[in-house]
Amino acid sequence: MIEVDGLCVRLPGFTLDAITLHVATGEFFTILGPTGSGKTLILESIAGLVPIHSGRIRIDGRDVTDLPPERRQIGIVYQDQALFPHLSVVQNLRYGLRYRPRTADREEKIAYLIEQLGLEPLLERGVVNLSGGERQRVALARALSVAPEILLLDEPLSALDPNFREEIRGLLRRLHHETGITALMVTHDFAEAHFLATRTAVIEAGRIEQIGRVADVFNRPISPVVAAFVGMKNIFEARFDGCAARAGALTFSLTGPVDPAWRFMAVRPEDVRVHGASPETGDGASNLFSGRVTRIDHQGVFADVRVRCNGLLWQTLLPTSRLLDEAIAEGGEVWLEVPAEKIHAM
16 MIEVDGLCVR LPGFTLDAIT LHVATGEFFT ILGPTGSGKT LILESIAGLV
66 PIHSGRIRID GRDVTDLPPE RRQIGIVYQD QALFPHLSVV QNLRYGLRYR
116 PRTADREEKI AYLIEQLGLE PLLERGVVNL SGGERQRVAL ARALSVAPEI
166 LLLDEPLSAL DPNFREEIRG LLRRLHHETG ITALMVTHDF AEAHFLATRT
216 AVIEAGRIEQ IGRVADVFNR PISPVVAAFV GMKNIFEARF DGCAARAGAL
266 TFSLTGPVDP AWRFMAVRPE DVRVHGASPE TGDGASNLFS GRVTRIDHQG
316 VFADVRVRCN GLLWQTLLPT SRLLDEAIAE GGEVWLEVPA EKIHAM
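Per our numbering, the sequence shown runs over residues 16 to 361.
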């Protein structure tokens with residue numbers, strides 16, 4: 016449905032370089048990346064809102080690279096909704112229809128959106144008097160009212176408070192399932208990618224680092240850049256020899272042989288086990304090391320615990336109750352356990 020091949024956009028101080036990605040018909044695809052990585056620029060290029068230097072953009076096999084935005088059959092929803100403040104809800108909702116030919120079922124589709132998005136009580140109100148969640152529902156209805164082939168979403172949940180964010184996120188998933196529309200959303204929120212998307216791409220500094228199924232990208236990143244972005248945190252240079260890895264002065268057992276040309280190992284913080292006393296010998300005991308707690312940051316139910324072992328600083332995530340039960344405190348000696356199956360080689 017969406018084919019972006021070799022897209023290049025050059026702006027003062029920033030280049031979107033050789034972006035290639037394909038989104039299947041009916042797929043919900045996300046683009047993840049930090050602020051300033053080029054996520055929104057990809058959306059605006061697909062929508063025809065920014066000039067591109069090179070590359071081609073196709074929608075359902077139709078080359079739209081040189082077409083104006085209104086001829087691309089695309090709906091777009093921005094983080095700040097971009098509603099017209101001088102118009103009512105219903106006027107905003109119908110604004111884009113003037114640029115679309117009238118169809119026999121148009122009013123039926125509008126009524127469906129109004130019902131599904133719960134807009135009936137709001138139709139005559141001005142948008143400036145709506146809550147953030149209500150404005151985002153109006154923005155979604157306006158984008159979908161023109162029956163686009165594609166829905167582009169530019170961090171539509173980031174400006175909402177947690178309650179509204181959960182509401183709109185659930186609404187997006189339901190609308191996607193019911194309408195089958197092809198959706199492409201940019202975000203920096205991992206929960207949104209897991210909840211909504213089938214596949215995702217990670218972009219950094221204008222270049223796509225990895226594309227794949229959401230679970231694969233989060234659990235099997237292909238580079239230290241992706242691993243750091245998806246929260247692996249414990250990333251160390253390593254030397255691999257068969258089923259062993261050596262990082263600093265520590266040697267780790269692995270579940271299988273690793274290509275000796277690979278250079279990094281990574282472990283998610285929640286997969287690192289910390290014990291107040293040496294555990295009984297068992298699975299994973301071969302990757303058991305003594306260390307010292309250097310810092311504890313309390314996050315409520317959980318705590319970020321940093322442990323230094325033989326010169327390597329590990330970041331771990333523990334239930335707060337474990338700190339009390341096992342007398343784990345800053346400056347105290349602990350045992351660090353790294354299960355072999357949780358070690359990811361790159």
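Where is the CB? At the ideal position from N, CA and C, for every residue including glycine.
Since this is a predicted model, take the numbers as computed values, not measurements.
For A212 and F44, what's the separation of their Cα atoms in angstroms?
5 Å
Please report the straight-line C-alpha distance between G227 and A208, rounded to a whole angstrom.
12 Å
Taking 8 Å as the limit between beta carbons, can you name the residues of its chain near G147, skipping five residues before and five after?
Taking C-beta separations shorter than 8 Å and ignoring five residues to either side along the sequence, the partners of G147 in its chain run A174, L175, D176 and F179, following chain order.
Pull up the DSSP beta-bridge partners for M280, would you.
F251 and A360
Whole-angstrom distance between E18 and L339, CA atom to CA atom
54 Å
On the CB-based measure, 16 or more other CB atoms within 10 Å of its CB, does S301 come out buried or exposed?
exposed
Based on Cα-Cα distance, which residue from L199, G346, M280 and V289 lies nearest to D256?
M280
Does the Cβ of N325 have 16 or more other Cβ atoms within 10 Å, making it buried, or fewer, making it exposed?
When all chains shown are included, N325 counts as exposed.
Same chain, Cβ closer than 7 Å to Q94, neighbours up to 5 away in sequence not counted:
Setting aside the 5 residues that flank it on each side, Q94 is surrounded in the same chain by D169, E170, P171, S173 and A174, each with a C-beta closer than 7 Å to its C-beta; the list follows chain order.
Under three-state DSSP, which class holds G299?
Below a pLDDT of 50, predicted positions are generally treated as unreliable, and G299, at 45, falls in that range; no measurement from the model is reported.
Are at least three pairs of beta-carbons, each pair with one atom in the stretch 35-51 and one in the stretch 216-232, less than 8 Å apart?
yes
If we count the other Cβ atoms within 10 Å of its Cβ and call it buried at 16 or more, is P163 buried or exposed?
Flag for P163 reads buried.
Where S336 sits in the DSSP three-state scheme:
helix
Segment contact flag, the stretch 239-254 with the stretch 268-287, C-beta cutoff 8 Å, min 3 pairs
yes
Apply the 10 Å Cβ neighbour rule to Q151 and answer buried if 16 or more other Cβ atoms are within range, or exposed otherwise.
buried
Would you kindly work out how many angstroms separate the C-alpha atoms of A62 and R288, rounded to a whole number?
47 Å
Per DSSP, cross-strand counterpart(s) of S305:
W350
Out of A198, L167, F244 and P84, state which residue places its alpha-carbon closest to the alpha-carbon of D204.
F244
So, do the stretch 343-354 and the stretch 301-318 have three or more beta carbon pairs nearer to each other than 8 Å?
yes
I think G90 touches V142, with their Cβ atoms under 8 Å apart; what is that distance to the nearest whole Å?
Not a contact, Cβ separation roughly 17 Å.
Start-end ranges of the beta strand (DSSP E) lying completely within the stretch 153-230, minimum 3 residues:
Counting only runs of 3 or more, we get 165-169, 197-202, 214-219 and 222-228.
For A156, count neighbouring C-beta atoms within 10 Å of its own C-beta (all shown protein chains included) and say buried if the count is 16 or more, exposed if not.
buried
Select from E123, T266 and L328 the residue whose C-alpha is nearest the C-alpha of A355.
T266
Extent of the continuous alpha helix (DSSP H) run through R109:
V104 to R109
Helix, strand or coil for A342 per DSSP?
coil
Quick one, which of N144, R140, T194 and V153 has its alpha-carbon nearest L132's?
Comparing Cα positions, the closest option is V153.
Figure out for me which residue from Q330, T335 and T331 has the closest Cα to the Cα of V316.
T335
Between the CA atoms of A292 and A260 - distance to the nearest angstrom
25 Å
Report the rounded CA-to-CA distance for L327 versus L269, giving the unit in angstroms.
18 Å
Over what stretch of residues does the beta strand (DSSP E) that includes A393 continue unbroken?
An answer regarding residue 393 cannot be provided, because it is not within the stretch 16 to 361 covered by the chain.
Kindly indicate the opening and closing residues of the beta strand (DSSP E) around S60.
No beta strand (DSSP E) contains S60, which is instead part of the alpha helix (DSSP H) from K54 to A62.
I want to know whether the stretch 70-83 touches the stretch 122-136 - three or more CB-CB distances under 8 Å.
no
Classify T55: buried if its beta carbon has 16 or more other beta carbons within 10 angstroms, exposed otherwise.
buried
Within a Cβ cutoff of 6 Å, which residues of the same chain sit near D312, ignoring the five residues on either side of it in sequence?
Excluding sequence neighbours, D312 sits near D319.
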